[in-house]
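Participant: Line order of the protein sequences matches chains A and B.
If you want the numbering used here, it's the position in the first sequence, counting the first as 1, plus 1415.
If you want the numbering used here, it's the position in the second sequence, counting the first as 1, plus 1415.
Number of protein chains: 2
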Amino acid sequence: MADRNRRLVLAERPSGMVDEQTVRVEESDVPQPGPGEALARVRYLSIDPTIRTWMDDVQGYLPPIALDEVVRGAGVAEVLESNAEQYRPGDLLFGFTGWQDYVLASEATGYQALPKGVSATLALNLFGVTGMTAYFGLIDVGQMQEGDVVVVSGAAGATGSTVGQIAKIKGAGKVIGIAGGERKCSWIADELGFDATIDYKSENVAARLRELAPDGIDLYFDNVGGEILDACLGQLALRGRIVLCGAISGYNDRASARGPVNYSNLITKRGRMQGFIILDYLDRFPEAQADIAGWLSTGEIKSAEHIVAGLENAPEALNLLFTGGNTGKVIVEV
Amino acid sequence: MADRNRRLVLAERPSGMVDEQTVRVEESDVPQPGPGEALARVRYLSIDPTIRTWMDDVQGYLPPIALDEVVRGAGVAEVLESNAEQYRPGDLLFGFTGWQDYVLASEATGYQALPKGVSATLALNLFGVTGMTAYFGLIDVGQMQEGDVVVVSGAAGATGSTVGQIAKIKGAGKVIGIAGGERKCSWIADELGFDATIDYKSENVAARLRELAPDGIDLYFDNVGGEILDACLGQLALRGRIVLCGAISGYNDRASARGPVNYSNLITKRGRMQGFIILDYLDRFPEAQADIAGWLSTGEIKSAEHIVAGLENAPEALNLLFTGGNTGKVIVEV
Chain A
1416 MADRNRRLVL AERPSGMVDE QTVRVEESDV PQPGPGEALA RVRYLSIDPT IRTWMDDVQG
1476 YLPPIALDEV VRGAGVAEVL ESNAEQYRPG DLLFGFTGWQ DYVLASEATG YQALPKGVSA
1536 TLALNLFGVT GMTAYFGLID VGQMQEGDVV VVSGAAGATG STVGQIAKIK GAGKVIGIAG
1596 GERKCSWIAD ELGFDATIDY KSENVAARLR ELAPDGIDLY FDNVGGEILD ACLGQLALRG
1656 RIVLCGAISG YNDRASARGP VNYSNLITKR GRMQGFIILD YLDRFPEAQA DIAGWLSTGE
1716 IKSAEHIVAG LENAPEALNL LFTGGNTGKV IVEV
Chain B
1416 MADRNRRLVL AERPSGMVDE QTVRVEESDV PQPGPGEALA RVRYLSIDPT IRTWMDDVQG
1476 YLPPIALDEV VRGAGVAEVL ESNAEQYRPG DLLFGFTGWQ DYVLASEATG YQALPKGVSA
1536 TLALNLFGVT GMTAYFGLID VGQMQEGDVV VVSGAAGATG STVGQIAKIK GAGKVIGIAG
1596 GERKCSWIAD ELGFDATIDY KSENVAARLR ELAPDGIDLY FDNVGGEILD ACLGQLALRG
1656 RIVLCGAISG YNDRASARGP VNYSNLITKR GRMQGFIILD YLDRFPEAQA DIAGWLSTGE
1716 IKSAEHIVAG LENAPEALNL LFTGGNTGKV IVEV
């Protein structure tokens, strides 16, 4: 056990990408568990685009991270010592650990034990918020139907790569992934079974969508916003649905974020554009997790993980999501 | 009976507002009804924003009006002479008469007889596409609930003025109308019973929405698009719904139309933005018409009409919709 607890706190609000000024490493004593508490070592951190939004001084679905507060984020921690009946040394716990080495777990912190047989990284990816977002966004918000032409952006990212796989499993007529670069496009086609890909860095997205989805897009799962959302709106099928999961293209630059001018196509096409927050689905996670467990056991779905070593590299890991440096779920191994 | 049929044909596609070059008056002989046909004199024309969109060379929910073709539009015509059993002189027919003096009615043209007791102008307003759009947009697409804070733009226009009245009847908690100018705002408040108004020409819409709807907008019925749509997105309540009926602010200037940058609020607020075309509801018109007939009989709803005299003034009447020169439904008395 290290004798110090490293805590990555928000030193100042970033104006664009996270940089060296954004996060400060503080060291404090390892906290001592009181009665009813357990001390747990954070092992893995889930790196999600939404963390960047919490760094802005903007009221969202959760309050912003306060200055000098540990950066908020989900993680998996291992119990080291326990004064609480419900935790035993060796247990793996899941919850908002934040970017630090140690946490105290108690009734109040709401950490949940990982189900038996679920690894820490699976818990943060397919069984965690990422997998749940893909599952409920596609099936519940997007009301995916068999035969649908489904388009997903950020398709080599954690959520996008999962959306595409679930769409295939659920009988989509065609799954088109939009990603940046040839390597990512090959990966989602060859490894994950996407039917077609568009490399937004080298191809004209709108023109390619017209080629690949000549009768229109039935369901577009949007992880990026911006021009790609606009292109998909422009090629929407009759009664097409757009699931708004995130607008990552605007997270680092709210001022120059633009609106989708083709939104008026929603009228002509009787379309629908809907946003959601996965926390609203907490009580339905078990049904999704059961489906995903089944698909994992048959090999129909793969968990794609991009591991970054070292707590101190968490800020850099977050930036990967915006530079497109990752394939699959970014996880920091503390 | 005039001996000539004046036909207003599309001479060239307008680049902004309709002007003197857009429409050409042609005269031809009054058509002679053949077997199974009736000759009818067009009495009233429904002037709707969508007519302007049909003048562009853009494939929408209906094909564009071809050059040299009579301008498409709904109207009411009176049967003068008939070789068809189903039509008798004096009958009033409703359908796409177009901008002309005379039409031939037959099985093929699909004109419908007006129900007994419904005046021609009511047929074009509350019982026609305008009333149906307000009714189904609010109730079916928008899923209005009792107690909802409802905002409607173009509130002194044909659809908007009807939406506000129906929202009140259906138990909205508060109905806020956005219109241009003090006169219109007074009219919708004093005559139509809107709870509050915003004059977008002299007030800051976003700031006023924050004042009038501090807990957010549950349902926004959008007739205009542009900055007002954006302001409403910015003040959306949790699970707020936006009904996209039209984007009149962009119809005369597609090139500089802008997208709503606040669309990403749909994510945070779990909101929904949905478009519709009233033609999809044709088979449900009777249920709406029955409700509206009831509200008319009790005086709960008023039909607000803005009559323009003379077929030759139809282009100018269309422009009224975009200059905001009308209150209520614009109808040309041929």
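Glycine included, each C-beta is placed from N, C-alpha and C at the ideal position.
Go through its chain and collect everything with a Cβ distance to B:G1569's Cβ below 6 Å, but skip five positions before and after it.
Facilitator: For the purposes of this step, residue 1569 of chain B is identified with residue 154 of the second sequence, where counting begins at 1. Excluding positions up to five away in sequence, the list reads G1575, N1638 and V1639.
Participant: Going along chain B, which residues have a C-beta under 7 Å from A:R1687?
Facilitator: Translated into positions along the first sequence, residue 1687 of chain A becomes position 272. For A:R1687, the chain B residues whose Cβ falls inside 7 Å of its Cβ are R1687 and Q1689, in order along the chain.
Participant: Look at the alpha carbon of A:V1440 and the alpha carbon of A:D1698, and state the distance between them as a whole number of angstroms.
Facilitator: Here residue 1440 of chain A refers to the residue found at position 25 of the first sequence. Here residue 1698 of chain A refers to the residue found at position 283 of the first sequence. If I take the Cα positions, the gap works out to 35 Å.
Participant: Restricting to Cα atoms, I'd like to know which of A:L1644, A:F1509 and A:Y1666 is closest to A:R1656.
Facilitator: On the first sequence, position 241 is the one that residue 1656 of chain A refers to. Closest option to A:R1656, Cα to Cα, is A:L1644.
Participant: Would you say the stretch 1436-1451 of chain A touches the stretch 1531-1547 of chain A, given that touching needs at least three Cβ pairs under 8 Å?
Facilitator: no
Participant: Does DSSP put A:M1416 in a helix, in a strand, or in coil?
Facilitator: Along the first sequence, read from residue 1 onward, the residue named residue 1416 of chain A stands at position 1. Residue confidence for A:M1416 is low, a pLDDT of 47 falling below 50, so the modelled location carries little weight; the figure read from the coordinates is stated next. DSSP places A:M1416 in coil when its eight states are reduced to three.
Participant: In the DSSP assignment, the alpha helix (DSSP H) including A:F1551 goes from what residue to what residue?
Facilitator: Counting from one through the first sequence, the residue named residue 1551 of chain A turns up at place 136. Its alpha helix (DSSP H) spans residues V1544 to F1551.
Participant: Strictly under 8 Å for the Cβ-Cβ distance: is B:A1622 near chain A by that measure?
Facilitator: Indexing the second sequence from 1 puts residue 1622 of chain B at position 207. Answer no: the Cβ-Cβ gap between B:A1622 and chain A never drops below 8 Å.
Participant: Taking CB distances under 8 Å as the criterion, tell me whether B:Y1502 reaches chain A.
Facilitator: Numbered from its first residue, the second sequence carries residue 1502 of chain B at position 87. Answer no: the Cβ-Cβ gap between B:Y1502 and chain A never drops below 8 Å.
Participant: Using alpha carbons as the reference points, say which of A:W1514, A:V1445 and A:L1477 lies closest to A:R1422.
Facilitator: As a first step, residue 1422 of chain A must be located in the first sequence, where it is residue number 7. Measuring C-alpha to C-alpha distances from A:R1422 to each of A:W1514, A:V1445 and A:L1477 identifies A:W1514 as the nearest.
Participant: Quick check on B:A1453: does DSSP put it in helix, strand or coil?
Facilitator: Stepping through the second sequence from its first residue, residue 1453 of chain B is reached at position 38. Correct three-state label for B:A1453: strand.
Participant: Would a check of beta-carbon distances place B:I1746 closer than 8 Å to chain A?
Facilitator: Mapped onto the second sequence, residue 1746 of chain B falls at position 331. B:I1746 does not count as touching chain A.
Participant: Residues in the same chain with beta-carbon distance under 6 Å from A:G1557, minus the five sequence neighbours each way, listed in chain order, please.
Facilitator: The residue given as residue 1557 of chain A occupies position 142 in the first sequence. So the list reads L1634, R1656 and V1658, once near-sequence residues are dropped.
Participant: Roughly how many whole angstroms lie between the Cα atoms of A:V1518 and A:N1667?
Facilitator: Against the first sequence, residue 1518 of chain A aligns to sequence position 103. Against the first sequence, residue 1667 of chain A aligns to sequence position 252. Answer to the nearest angstrom: the Cα atoms are 29 Å apart.
Participant: Check whether chain B comes within 8 Å of A:S1679, counting only Cβ atoms and requiring the distance to be less than that.
Facilitator: On the first sequence, position 264 is the one that residue 1679 of chain A refers to. With 8 Å as the cut-off, A:S1679 counts as an interface residue toward chain B.
Participant: Given B:R1654, which residues of its chain have a CB within under 6 Å of its CB, disregarding the five upstream and five downstream residues?
Facilitator: Taking the first residue of the second sequence as position 1, residue 1654 of chain B is located at position 239. Cβ neighbours of B:R1654 beyond the five flanking positions: R1685.
Participant: DSSP has B:A1594 in a bridge; who is on the other side?
Facilitator: In the second sequence, counting from the first residue as 1, residue 1594 of chain B sits at position 179. Bridge partners of B:A1594: B:D1614.
Participant: Between which two residues does the alpha helix (DSSP H) carrying B:F1700 extend?
Facilitator: Residue numbering aside, residue 1700 of chain B sits at position 285 when the second sequence is read from its first letter. F1700 to T1713 is the span of the alpha helix (DSSP H), which, as asked, contains B:F1700.
Participant: Using the Cα positions of A:M1416 and A:V1445, report the straight-line distance between them to the nearest angstrom.
Facilitator: To locate residue 1416 of chain A, count along the first sequence from 1; it is residue 1. To locate residue 1445 of chain A, count along the first sequence from 1; it is residue 30. Here the model assigns A:M1416 a pLDDT of 47, short of 50, so the residue's position is not dependable, and the following value carries that caveat. Cα to Cα, A:M1416 sits roughly 9 Å from A:V1445.
Participant: Measure the C-alpha to C-alpha separation of B:V1747 and A:A1662 and round it to an integer number of angstroms.
Facilitator: Walking along the second sequence from the start, residue 1747 of chain B turns up at place 332. Walking along the first sequence from the start, residue 1662 of chain A turns up at place 247. Those two C-alpha atoms are separated by around 46 Å.
Participant: Along chain A, which residues have their Cβ under 7 Å away from the Cβ of B:Y1476?
Facilitator: Against the second sequence, residue 1476 of chain B aligns to sequence position 61. The contacting residues are T1683.
Participant: Which residues mark the beginning and the end of the beta strand (DSSP E) in which A:L1495 is found?
Facilitator: Translated into the one-based positions of the first sequence, residue 1495 of chain A becomes position 80. Looking at the DSSP string, the run of the beta strand (DSSP E) that includes A:L1495 is G1490 to S1497.
Participant: Starting from B:F1737, follow the beta strand (DSSP E) in both directions and report where the run begins and ends.
Facilitator: Taking the second sequence and counting its residues from 1, one reaches residue 1737 of chain B at position 322. Segment A1729 to T1738 is the alpha helix (DSSP H) holding B:F1737; no beta strand (DSSP E) there.
Participant: For my contact list, B:A1628 and B:V1566 are in at a C-beta cut-off of 8 Å; report their separation, rounded to the angstrom.
Facilitator: Mapped onto the second sequence, residue 1628 of chain B falls at position 213. Mapped onto the second sequence, residue 1566 of chain B falls at position 151. The Cβ separation is near 7 Å, so the contact holds.
Participant: For A:L1733, collect the residues of the same chain with a Cβ closer than 7 Å to its Cβ; drop the 5 residues on either side in sequence, then sort them by chain order.
Facilitator: Stepping through the first sequence from its first residue, residue 1733 of chain A is reached at position 318. So the qualifying residues of the chain are V1433, I1462, I1466 and R1467.
Participant: Given this structure, state the Cα-to-Cα distance separating B:I1591 from B:A1604, to the nearest angstrom.
Facilitator: Sequence index remark: in the second sequence, residue 1591 of chain B carries index 176 (1-based). Sequence index remark: in the second sequence, residue 1604 of chain B carries index 189 (1-based). Each residue's Cα considered, the two are about 9 Å apart.
Participant: Residue range of the beta strand (DSSP E) that A:G1568 falls in?
Facilitator: Counting from 1 along the first sequence, the entry for residue 1568 of chain A is found at position 153. It should be noted that the sequence gives Ser, not Gly, for residue 1568 of chain A. Here the beta strand (DSSP E) through A:S1568 covers V1564 to S1568.
Participant: Assign B:K1616 to buried or exposed, taking buried as 16 or more other Cβ atoms, counted over all protein chains shown, within 10 Å of its Cβ.
Facilitator: Here the question's residue 1616 of chain B lines up with position 201 in the second sequence. Its Cβ having fewer than 16 others within 10 Å, B:K1616 is exposed.
Participant: Using beta carbons (cut-off 8 Å, strictly below), is B:M1416 in contact with chain A?
Facilitator: Numbered from 1 along the second sequence, position 1 holds the residue referred to as residue 1416 of chain B. Confidence is the limiting factor: at B:M1416 the pLDDT is only 47, short of 50, which leaves the residue's position unreliable, though a coordinate-based value still follows. Answer no: the Cβ-Cβ gap between B:M1416 and chain A never drops below 8 Å.
Participant: If you reduce the DSSP assignment to three classes, tell me which class B:G1505 lands in.
Facilitator: Here the question's residue 1505 of chain B lines up with position 90 in the second sequence. B:G1505 falls in the coil class under three-state DSSP.
Participant: Applying a beta-carbon distance threshold of less than 8 Å, which residues of chain A neighbour B:L1659?
Facilitator: Reading the second sequence from its first residue, position 244 is the one you call residue 1659 of chain B. Here the neighbours are Y1678, S1679, L1681 and I1682.
Participant: I'd like to check one pair, A:A1611 with A:D1630: are the Cβ atoms closer than 8 Å?
Facilitator: The count along the first sequence starts at 1 and reaches residue 1630 of chain A at position 215. The count along the first sequence starts at 1 and reaches residue 1611 of chain A at position 196. It is not a contact, given that the beta carbons lie outside the stated cut-off.
Participant: Expressed to the nearest angstrom, what Euclidean distance is found between the alpha-carbon atoms of A:Q1501 and A:Q1447?
Facilitator: Here residue 1501 of chain A is taken as the residue at index 86 of the first sequence, counted from 1. Here residue 1447 of chain A is taken as the residue at index 32 of the first sequence, counted from 1. Each residue's Cα considered, the two are about 17 Å apart.
Participant: For B:T1577, which residues in the same chain have their Cβ closer than 7 Å to its Cβ, ignoring the five residues on either side in sequence?
Facilitator: What you label residue 1577 of chain B is simply residue 162 of the second sequence in a count that begins at 1. Excluding sequence neighbours, B:T1577 sits near L1541, T1545, G1546 and A1549.
Participant: Would you verify that the beta carbon of B:G1488 is, or is not, closer than 8 Å to some beta carbon of chain A?
Facilitator: One-based indexing of the second sequence puts residue 1488 of chain B at position 73. By this cut-off, B:G1488 is not an interface position.
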